[in-house]
Amino acid sequence: MTRKNKFLVFIMMFFLFLNIFLLFINRWIYNNFGNVKIQEILFTLLSPTSGTDTSLIYSFILKALIPALFIVVISFCFLLFLHKRLNGKILKLLKITCSIFVVSTLLLNVFYTNSRYDIINYLNYKNQKTTIYNKKKAKTKKLSEYIGDSSIIYQNPQDIQITSERSNNLIYIYLESIENSFMDTENGGIKDVNCLPELTQLAKENISFSNTDKLGGAFPFTGTTWTIASMTAQLTGLPLKVDVANDMDQQDAFMPGAKTLSDFLHEQGYIQELMIGSQKEFAGTDKLFLQHGYDTIYDYDTLKEMYSYHGNNINKWGFNDCQLFEFAKEELTKLGSTQNKFNFTLATIDCHTPDGFTCSNCPNTYKNQYENIYACQSKQVSNFIKWCQEQDWYTNTTIVLVGDHPTMAQSYIKDIPSTYQRTTYNCFINSKIETTQIKNRQFTHMDMYPTTLAAMGFKIYGNKLGLGTNLFSKLPTVIEKYGLDYINEEVQKSSEYLDENIYQFK
Numbered sequence: 129m130t131r132k133n134k135f136l137v138f139i140m141m142f143f144l145f146l147n148i149f150l151l152f153i154n155r156w157i158y159n160n161f162g163n164v165k166i167q168e169i170l171f172t173l174l175s176p177t178s179g180t181d182t183s184l185i186y187s188f189i190l191k192a193l194i195p196a197l198f199i200v201v202i203s204f205c206f207l208l209f210l211h212k213r214l215n216g217k218i219l220k221l222l223k224i225t226c227s228i229f230v231v232s233t234l235l236l237n238v239f240y241t242n243s244r245y246d247i248i249n250y251l252n253y254k255n256q257k258t259t260i261y262n263k264k265k266a267k268t269k270k271l272s273e274y275i276g277d278s279s280i281i282y283q284n285p286q287d288i289q290i291t292s293e294r295s296n297n298l299i300y301i302y303l304e305s306i307e308n309s310f311m312d313t314e315n316g317g318i319k320d321v322n323c324l325p326e327l328t329q330l331a332k333e334n335i336s337f338s339n340t341d342k343l344g345g346a347f348p349f350t351g352t353t354w355t356i357a358s359m360t361a362q363l364t365g366l367p368l369k370v371d372v373a374n375d376m377d378q379q380d381a382f383m384p385g386a387k388t389l390s391d392f393l394h395e396q397g398y399i400q401e402l403m404i405g406s407q408k409e410f411a412g413t414d415k416l417f418l419q420h421g422y423d424t425i426y427d428y429d430t431l432k433e434m435y436s437y438h439g440n441n442i443n444k445w446g447f448n449d450c451q452l453f454e455f456a457k458e459e460l461t462k463l464g465s466t467q468n469k470f471n472f473t474l475a476t477i478d479c480h481t482p483d484g485f486t487c488s489n490c491p492n493t494y495k496n497q498y499e500n501i502y503a504c505q506s507k508q509v510s511n512f513i514k515w516c517q518e519q520d521w522y523t524n525t526t527i528v529l530v531g532d533h534p535t536m537a538q539s540y541i542k543d544i545p546s547t548y549q550r551t552t553y554n555c556f557i558n559s560k561i562e563t564t565q566i567k568n569r570q571f572t573h574m575d576m577y578p579t580t581l582a583a584m585g586f587k588i589y590g591n592k593l594g595l596g597t598n599l600f601s602k603l604p605t606v607i608e609k610y611g612l613d614y615i616n617e618e619v620q621k622s623s624e625y626l627d628e629n630i631y632q633f634k
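To get the numbering used here, take the position in the sequence shown, counting from 1, and add 128.
Below is the structure:
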């Protein structure tokens with residue numbers, strides 16, 4: 129084989145590898161994370177890898193990288209075999225045919241990847257600037273009379289007065305991948321049987337905001353649809369920008385200019401603790417919480433050491449939720465015995481993609497493992513709430529339950545009709561404020577910031593913080609006022625205000 133032919137074969141094999149590798153990558157992402165967008169993919173790639181479930185890395189290597197390399201090696205060997213046995217004209221025709229096939233299929237693959245992940249639109253939005261964060265003054269003279277201005281899209285929390293005579297403690301639980309789809313159709317889900325019976329009952333007995341006249345919840349929204357992004361949106365009233373992943377590594381800061389829900393509670397003297405079964409470094413979780421008012425994070429490493437744990441309730445990410453709830457009871461008993469107000473935050477993990485994690489409490493009621501894990505989660509959360517209600521401190525404590533994002537376990541949701549709006553679960557227990565405006569609402573996780581403070585007993589002048597609106601107020605949310613598509617497009621655009629004042633990129 130001449131040097132020129134070797135070079136051409138190398139180029140063809142390289143493009144063949146790109147083609148096949150991209151195909152396997154798309155398949156792997158879909159099977160593990162579902163219909164994610166480019167923002168989630170970039171954030172995952174750019175974020176620190178500490179605390180990552182290594183089985184995902186091994187899965188990527190085994191199901192994407194190795195098969196692509198194997199096919200290319202086999203193709204190369206087969207081409208060498210043909211090169212030795214075919215005459216010049218036939219060999220030349222074969223090379224041309226193979227080249228056309230490889231290049232054309234690669235182009236089709238690239239077009240498909242773009243349409244699937246919305247890459248071109250992402251790049252276009254990055255080159256545009258939004259004005260939604262521009263300041264606008266309230267249309268009132270007396271602050272005490274200011275109930276809000278729906279024309280204001282973004283409200284800087286630094287400029288807002290928040291008061292309370294007697295606010296509650298807070299227990300805030302991020303429920304991994306808990307979406308309303310797993311309820312039965314009678315209650316707003318898509319199942320024949322209800323996999324979340326206890327959570328359904330809690331939502332009915334307390335306050336649960338819905339996008340329909342049945343049970344429902346928050347819309348998936350750009351920059352809020354994976355765990356750390358959801359946490360960020362609920363704390364700051366802002367979606368998480370992909371750029372912040374680089375910021376975490378280079379500047380060791382997580383949205384340093386944002387005044388979060390926890391920053392405010394820190395000013396009010398609350399003791400604030402986060403308990404998670406995984407490692408706190410994953411995706412910058414430690415930076416988000418410790419840099420914004422939290423005093424302590426109890427994660428897999430600290431809990432294992434504190435309790436000298438040697439049991440079996442451990443999965444690939446860390447502790448199973450049944451064990452985490454037991455640790456939480458211990459810590460809440462300590463917090464409840466003090467004279468200080470507290471904000472205790474918990475994050476579950478058992479419903480994590482791709483198949484969830486079973487524990488000794490999981491039933492065998494439903495047709496697949498994931499549904500049984502959902503049912504187990506529902507019962508465990510309910511039992512934990514019942515325990516809280518038996519404690520002396522419960523009277524002065526508000527509990528908020530929020531699904532962090534829709535599940536990414538694609539194999540369990542592939543039959544969901546395209547007309548069905550998937551939403552995340554929410555429930556406000558022992559709220560200090562009531563409302564009848566809970567049905568047919570359009571809202572996102574960003575609205576949890578002011579809504580949670582209102583449920584605790586705080587009065588927010590203007591009822592808006594960040595892009596979030598207090599759902600207990602009469603104000604429409606920004607997506608009710610301006611439409612989901614418009615706000616979704618605007619938050620993907622560049623903003624000098626956010627870069628300079630919130631993210632403080634250097």
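Glycine residues also receive a C-beta, built at the ideal position from the N, C-alpha and C atoms.
task: Identify the continuous beta strand (DSSP E) that holds V370 and give its terminal residues.
output: As a working mapping, residue 370 is identified with position 242 in the sequence shown. Unbroken run through V370: none, as it is neither H nor E.
- request: Report the residue from N334, I299 and G344 whose alpha carbon sits nearest the alpha carbon of E314.
  value: Looking up residue 314 in the sequence shown gives position 186. Considering only alpha carbons, the answer is G344.
- prompt: Who are the near neighbours of F512 in its chain, counting only those whose CB is closer than 6 Å to its CB and skipping five residues on each side?
  reply: The count along the sequence shown starts at 1 and reaches residue 512 at position 384. F453, listed in sequence order.
query: Beta carbon of P285, beta carbon of H533: below 8 Å?
result: For the purposes of this step, residue 285 is taken as residue 157 along the sequence shown, with counting starting at 1. For the purposes of this step, residue 533 is taken as residue 405 along the sequence shown, with counting starting at 1. Contact flag unset, no.
- prompt: With burial defined as no fewer than 16 other Cβ atoms inside 10 Å of the residue's Cβ, what is the status of K269: buried or exposed?
  reply: Numbered from 1 along the sequence shown, position 141 holds the residue referred to as residue 269. With a pLDDT of 48 at K269, under the threshold of 50, the modelled position of that residue is not reliable, and the figure given next carries that caveat. K269 should be labelled exposed.
field: Euclidean distance between Cα positions of F382 and K134
entry: Here residue 382 is taken as the residue at index 254 of the sequence shown, counted from 1. Here residue 134 is taken as the residue at index 6 of the sequence shown, counted from 1. Cα to Cα, the separation comes out at about 50 Å.
message: I'd like to confirm the pairing. Which residues does DSSP put opposite I404 in its beta bridges?
response: Taking the sequence shown and counting its residues from 1, one reaches residue 404 at position 276. DSSP output for I404 lists A475 as bridge partner(s).
message: Considering Cα atoms alone, identify which of I630, T605, L626 and Q632 is closest to T258.
response: Locating residue 258 in the sequence shown gives position 130, counting from the first residue. When each option's Cα is compared against that of T258, the closest is L626.
query: In terms of residues, what are the limits of the alpha helix (DSSP H) holding N468?
result: Stepping through the sequence shown from its first residue, residue 468 is reached at position 340. It is not in any alpha helix (DSSP H) - N468 carries neither H nor E in the DSSP assignment.
field: S305 and H480 closer than 8 Å at C-beta
entry: Reading the sequence shown from its first residue, position 177 is the one you call residue 305. Reading the sequence shown from its first residue, position 352 is the one you call residue 480. Cβ distance < 8 Å, so S305 and H480 count as in contact.
field: Continuous alpha helix (DSSP H) stretch holding T95: start and end
entry: Given a span of 129 to 634 for the chain in the structure shown, any question on residue 95 remains unanswerable.
- prompt: For L298, which three-state DSSP category applies?
  reply: Taking the sequence shown and counting its residues from 1, one reaches residue 298 at position 170. Strand, per DSSP.
query: The alpha helix (DSSP H) spanning L612 covers which residue range?
result: Counted from its first residue, the sequence shown places residue 612 at position 484. Counting along the chain, the alpha helix (DSSP H) containing L612 begins and ends at L612 to V619.
message: DSSP three-state label for D375, please.
response: The count along the sequence shown starts at 1 and reaches residue 375 at position 247. Confidence in D375 is poor, its pLDDT being 49 and thus under 50, which makes the residue's placement too unreliable to answer from.
query: Is the distance from the Cβ of I684 to the Cβ of N468 below 8 Å?
result: Residue 684 cannot be examined here, being either before or after the span of the chain that is shown, 129 to 634.
- prompt: Exposed or buried, D377, counting other C-beta atoms within 10 Å across all chains shown (16 or more means buried)?
  reply: Within the sequence shown, the letter at position 249 stands for residue 377. The predicted model places D377 with a pLDDT of 47, which falls under 50 and marks its position as unreliable; any figure quoted below should be read in that light. Exposed, because fewer than 16 other Cβ atoms sit within 10 Å of the Cβ of D377.
- prompt: Which two residues bound the contiguous beta strand (DSSP E) that contains V530?
  reply: By one-based count along the sequence shown, residue 530 stands at place 402. Its beta strand (DSSP E) spans residues T525 to G531.
query: Over what stretch of residues does the beta strand (DSSP E) that includes N554 continue unbroken?
result: Start at 1 with the first residue of the sequence shown, and residue 554 comes out as number 426. Residues N554 to I557.
- request: Would you kindly work out how many angstroms separate the C-alpha atoms of S278 and E618, rounded to a whole number?
  value: Here residue 278 refers to the residue found at position 150 when the sequence shown is read from its first residue. Here residue 618 refers to the residue found at position 490 when the sequence shown is read from its first residue. Their Cα atoms are separated by approximately 17 Å.
- request: On the DSSP bridge assignment, give the partners of T291 in chain order.
  value: Looking up residue 291 in the sequence shown gives position 163. Per DSSP, K587.
Distance CB(G590)-CB(I281) smaller than 8 Å: By 1-based counting over the sequence shown, the position of residue 590 is 462. By 1-based counting over the sequence shown, the position of residue 281 is 153. It is not a contact, given that the beta carbons lie outside the stated cut-off.
task: Determine the direct distance from the alpha carbon of S187 to that of I194, and round the result to whole angstroms.
output: Working through the sequence shown from its first residue, we reach residue 194 at position 66. Working through the sequence shown from its first residue, we reach residue 187 at position 59. Each residue's Cα considered, the two are about 10 Å apart.
- request: Just mark C555 as buried or exposed, buried being the case when its beta carbon has 16 or more other beta carbons within 10 Å.
  value: By 1-based counting over the sequence shown, the position of residue 555 is 427. Counting Cβ neighbours within 10 Å, C555 comes out buried, since at least 16 surround it.
task: For C490, I'd like the list of residues in its chain whose CB is within less than 7 Å of its CB, leaving aside the five on either flank, ordered along the chain.
output: Residue mapping note: residue 490 aligns to position 362 of the sequence shown, counting from 1. Taken in chain order, the residues that qualify are N500, I501 and C504.
task: Evaluate H573 with the Cβ neighbour count: other Cβ atoms within 10 Å of its Cβ, from every protein chain shown; 16 or more gives buried, anything less gives exposed.
output: Numbered from its first residue, the sequence shown carries residue 573 at position 445. That one is buried.
query: Excluding five sequence neighbours on each side, which residues of the same chain lie with their C-beta closer than 7 Å to the C-beta of V137?
result: What you label residue 137 is simply residue 9 of the sequence shown in a count that begins at 1. L207.
field: For H394 and N471, the rounded distance between their alpha carbons
entry: Here residue 471 refers to the residue found at position 343 of the sequence shown. Here residue 394 refers to the residue found at position 266 of the sequence shown. Straight-line Cα distance between these residues: approximately 9 Å.
task: Count the other C-beta atoms from every protein chain shown that fall within 10 angstroms of the C-beta of D414, then say buried if there are 16 or more, exposed otherwise.
output: The count along the sequence shown starts at 1 and reaches residue 414 at position 286. The residue is buried, with at least 16 neighbouring Cβ atoms inside 10 Å.
message: Buried or exposed for N496, going by 16 or more other Cβ atoms inside 10 Å?
response: Position 368 of the sequence shown holds residue 496. Answer is exposed; the Cβ neighbour count stays below 16.
query: Mind checking whether A583 and V528 have CB atoms under 8 Å apart?
result: Taking the sequence shown and counting its residues from 1, one reaches residue 583 at position 455. Taking the sequence shown and counting its residues from 1, one reaches residue 528 at position 400. The answer is yes: Cβ separation under 8 Å.
query: Helix or strand or just coil, what does DSSP make of F310?
result: The sequence position of residue 310 within the sequence shown is 182, counting from 1. In this structure, F310 counts as helix in the three-state DSSP scheme.
message: Rounded to whole angstroms, what is the Cα-Cα separation between S338 and G446?
response: The sequence position of residue 338 within the sequence shown is 210, counting from 1. The sequence position of residue 446 within the sequence shown is 318, counting from 1. When rounded, the distance between both Cα atoms is 32 Å.
field: Cβ shell of D429 (< 7 Å), same chain only, five flanking positions each side left out
entry: Taking the first residue of the sequence shown as position 1, residue 429 is located at position 301. So the qualifying residues of the chain are Q407.
- request: Going by DSSP, name the residue or residues bridged to A346.
  value: Taking the sequence shown and counting its residues from 1, the one referred to as residue 346 is at position 218. BP columns for A346 point to T552.
- prompt: Taking the alpha-carbon positions, what's the S292 to D575 distance?
  reply: Along the sequence shown, read from residue 1 onward, the residue named residue 292 stands at position 164. Along the sequence shown, read from residue 1 onward, the residue named residue 575 stands at position 447. About 20 Å.
field: Assigned secondary structure, K592 (DSSP; H/G/I helix, E/B strand, else coil)
entry: The residue you call residue 592 lines up with position 464 of the sequence shown. Three-state result, K592: strand.
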